[in-house]
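Single-structure report; data block below.
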Amino acid sequence: MNRASNAGSRFAFLLWFTSSLLLVVGMVLPMFSFHKFYIFNDTFSLLGSVTYLLQEGEFFLFLILFAFSIALPLYKMGLSLLLVSHAIK
């Protein structure tokens, strides 16, 4: 029984690691791409959009986008890491 629960805990940690890696990749890779006149191409990632809003002084939109797209998912990943690490012990 202990061996099975240890394997389940390792699998849970593997799932956590994979999901956190995909979260970071999703924040960094482009999510929008605009093509204008076949010459100008603009691509935006989530982190790029958030930093752009901060640089342009759009603090309200920055706070909303940062809170719900970056801070809250990272907080949830931290809590799930605590749960997974507690399950491993």
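Take 6 as the starting number for the sequence shown in my numbering and just add one per residue.
Every residue gets a Cβ at the ideal spot worked out from N, C-alpha and C, and that includes glycine.
Around the beta carbon of F71, 16 or more other beta carbons lie within 10 angstroms, which makes this residue buried. At least 7 Å separates the beta-carbon of M82 from that of S14. In the same chain as V55, and ignoring 5 residues on each side of it, the C-beta atoms closer than 8 Å to its own belong to F67, L70, F71, S74, I75, in chain order. Y57 and L77 have their C-alpha atoms roughly 20 Å apart. L79 and E63 have their C-alpha atoms spaced approximately 22 Å apart.
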